[in-house]
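A.B. asks: One structure follows; several queries about it will come next.
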DNA sequence: TCTGGGGTCCTAGGACCC
DNA sequence: TCTGGGGTCCTAGGACCC
């Protein structure tokens with residue numbers, strides 16, 4: 453193996469973050485709920501063993517939670533985001549070629565190492581991250597990213613591996629692929645795995661042995677890449693760049709259903725505010741904004757429950773008041789009395805770097821220097837004094853639609869007033 | 001009663017151009 | 001009856017990821 457990829461993945465990331473700052477949670481089963489406390493989105497190892505499934509609605513899990521005295525937390529993204537940065541910085545101290553793939557995983561490219569030393573490298577990563585951040589991680593090493601994912605999974609589920617697995621020789625790869633259910637392969641989701649199983653393809657090993665033409669036909673080029681990667685031919689490279697996002701979405705379910713237009717406009721205004729903030733954080737402007745209002749899809753199954761509108765902005769902008777005004781007009785058009793709204797979202801697309809904006813000489817509404825410095829001060833104030841210190845009046849003060857967060861832990865690392873205390 | 005919030009890539013098909 | 005051949009751009013929708 454001359455070039456190899458490592459996948460470093462935090463174990464039960466959200467649960468581990470909570471534990472770093474609250475030792476009473478050690479060894480106790482723990483679940484983390486989605487925004488709005490709707491579903492279980494993360495579980496500690498103990499909670500998994502007790503049979504709490506991923507994604508289950510909280511009310512369905514409640515009997516088990518009671519029975520086993522499982523600890524419950526609302527998701528605390530301020531805390532998780534900060535912990536994630538610490539882990540990634542630690543990884544960068546050990547490997548220059550790092551691709552941060554998600555909040556809790558990163559790929560590293562390892563060139564010119566001897567097979568023997570991959571294992572040592574994995575152990576070193578684990579030890580350093582644990583020591584510097586308190587976060588347990590697992591490491592999988594293999595000739596391709598797809599195989600590194602599988603190696604990582606194997607390291608996690610096989611305690612004897614002590615959190616590190618190297619897939620080097622063909623014999624070992626084959627043995628592990630035979631044990632890997634096809635739906636555990638990266639890139640194979642619910643739909644494809646159903647199709648594959650209908651064709652008698654049960655394991656990663658079976659999938660690897662399918663002819664290219666059939667794979668291409670049933671799973672398109674992305675599927676073919678997956679199969680080649682399983683065969684050890686690398687098709688996916690390390691991507692270290694952080695390109696600007698192509699779309700920025702801000703959405704929330706409401707704490708309780710919203711039926712009046714004013715509150716709906718407030719909610720959408722505040723989502724617009726957040727989206728615009730993200731947009732400016734990457735020094736970009738948007739050329740389109742779309743607003744979607746959502747009612748319950750469970751209430752009248754099959755009937756329409758999403759109502760959306762997209763507006764093209766002749767002059768791309770990142771100006772919050774301007775965007776808020778447009779999204780408010782969308783709400784007015786979409787709103788129908790009598791509907792019970794559960795959720796809304798605001799999406800910004802057609803995103804281009806600020807400097808590349810075509811100036812429109814005859815219009816005052818382009819994103820000019822005055823706009824820019826106003827927004828810059830707004831962001832600076834909110835960063836210094838906390839979110840929503842300054843906001844547009846349209847986003848409402850009382851915000852009755854705010855999400856439920858009954859079990860929120862403190863933002864230990866990002867708020868002075870919520871630092872952990874030692875007695 | 002109660003069901004998350006972000007993202008990516010690919011493809012097909014239509015509009016439109018020369 | 002016969003009815004070009006190529007291209008681009010955009011959108012909607014479907015698949016996937018964490």
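In this note's numbering, the protein residues as written are 453 to 875. Glycine residues also receive a C-beta, built at the ideal position from the N, C-alpha and C atoms.
Could you check whether the segment 477-488 touches the segment 572-580, counting it as contact only if at least three pairs of C-beta atoms, one from each stretch, sit closer than 8 Å?
C.D. replies: no
A.B. asks: Any idea if residue 816 is buried or exposed, counting beta-carbon neighbours within 10 angstroms, 16 or more meaning buried?
C.D. replies: Its pLDDT being 49, under 50, residue 816 is placed unreliably in this model, and the value from its coordinates should be taken loosely. Burial call: exposed.
A.B. asks: Who are the Cβ neighbours of residue 667 in its own chain at under 7 Å, not counting the five residues just before and after it?
C.D. replies: 675, 676, 679
A.B. asks: Please return the same chain residues whose Cβ sits closer than 6 Å to the Cβ of residue 625, not counting the five positions on each side in sequence.
C.D. replies: 619
A.B. asks: Are the CB atoms of residue 765 and residue 741 nearer to each other than 8 Å?
C.D. replies: yes
A.B. asks: Measure the alpha-carbon distance for residue 583 versus residue 801 and round it to whole angstroms.
C.D. replies: 41 Å
A.B. asks: Among residues of its own chain, excluding the 5 on either side of residue 776, which ones have a beta-carbon nearer than 6 Å to its beta-carbon?
C.D. replies: 721, 724, 844, 846
A.B. asks: Report the residue ranges of all alpha helix (DSSP H) runs contained in full by the segment 528-565; include only those spanning at least 4 residues, in chain order.
C.D. replies: Taken in chain order, the complete alpha helix (DSSP H) segments of 4 or more residues contained in the segment 528-565 are 529-544.
A.B. asks: What is the DSSP secondary structure of residue 715, counted as helix, strand or coil?
C.D. replies: helix
A.B. asks: To the nearest angstrom, how far is the alpha carbon of residue 796 from that of residue 873?
C.D. replies: 38 Å
A.B. asks: Across which residues does DSSP place residue 848 in a beta bridge pair?
C.D. replies: Note: residue 848 sits in no beta bridge, so no partner.
A.B. asks: Could you pull the start and end residues of the alpha helix (DSSP H) that residue 760 belongs to?
C.D. replies: Counting along the chain, residue 760 falls outside any alpha helix (DSSP H), though it belongs to the beta strand (DSSP E) covering 758-769.
A.B. asks: Please identify the residue among 528, 501, 458 whose C-alpha is closest to the C-alpha of residue 866.
C.D. replies: Closest option to residue 866, judged by alpha-carbon separation, among 528, 501, 458: 528.
A.B. asks: Between the beta-carbon of residue 472 and the beta-carbon of residue 587, is there less than 8 Å?
C.D. replies: A Cβ-Cβ contact shorter than 8 Å links residue 472 with residue 587.
A.B. asks: Excluding five sequence neighbours on each side, which residues of the same chain lie with their C-beta closer than 7 Å to the C-beta of residue 546?
C.D. replies: Correct list, in chain order: 576, 577, 580.
A.B. asks: By the 10 Å Cβ neighbour count, where 16 or more other Cβ atoms means buried, how is residue 496 classified, buried or exposed?
C.D. replies: buried
A.B. asks: Tell me the rounded alpha-carbon separation between residue 718 and residue 788.
C.D. replies: For residue 718 and residue 788, the distance between alpha carbons rounds to 16 Å.
A.B. asks: Name the residue from 552, 730, 591 whose alpha carbon lies nearest to the alpha carbon of residue 694.
C.D. replies: Among 552, 730, 591, the Cα nearest to that of residue 694 belongs to 552.
A.B. asks: Curious, which full-length alpha helix (DSSP H) runs of at least 4 residues does the segment 648-707 contain?
C.D. replies: 656-660, 664-682
A.B. asks: Along the chain, where does the alpha helix (DSSP H) that runs through residue 515 open and close?
C.D. replies: 510-519
A.B. asks: Could you tell me the alpha carbon to alpha carbon distance between residue 750 and residue 595, rounded to whole angstroms?
C.D. replies: 45 Å
A.B. asks: Report the partner residues of residue 804 according to the DSSP bridge assignment.
C.D. replies: 737
A.B. asks: Based on DSSP bridge pairs, tell me the residues matched to residue 460.
C.D. replies: Answer is 558, 591.
A.B. asks: Exposed or buried, what is residue 444 when buried is set at 16 or more other beta-carbons lying within 10 Å of its beta-carbon?
C.D. replies: For residue 444 there is no data in the structure shown, the boundaries of the chain being 453 and 875.
A.B. asks: Under three-state DSSP, which class holds residue 863?
C.D. replies: coil
A.B. asks: Put residue 853 into one of helix, strand or coil per three-state DSSP.
C.D. replies: coil
A.B. asks: Between residue 827 and the rest of its own chain, which residues show a CB-CB distance below 7 Å, the 5 nearest in sequence each way excluded?
C.D. replies: 732, 770, 771, 772
A.B. asks: On the premise that residue 747 lies in contact with residue 792, defined as a C-beta separation below 8 Å, what is that separation, rounded to the nearest angstrom?
C.D. replies: Indeed they touch by this definition, with Cβ atoms about 6 Å apart.
A.B. asks: Rounding to the nearest angstrom, what Cα-Cα distance links residue 857 and residue 494 in this structure?
C.D. replies: Across the structure, residue 857 and residue 494 are spaced so that their CA atoms are roughly 15 Å apart.
A.B. asks: Between which residues of its own chain and residue 503 is the CB-CB distance below 8 Å, once the five residues before and five after are set aside?
C.D. replies: Excluding sequence neighbours, residue 503 sits near 516.
A.B. asks: Under 8 Å, do residue 833 and residue 842 count as touching if we go by C-beta distance?
C.D. replies: yes
A.B. asks: If you draw a straight line from the C-alpha of residue 727 to the C-alpha of residue 799, how long is it?
C.D. replies: 7 Å
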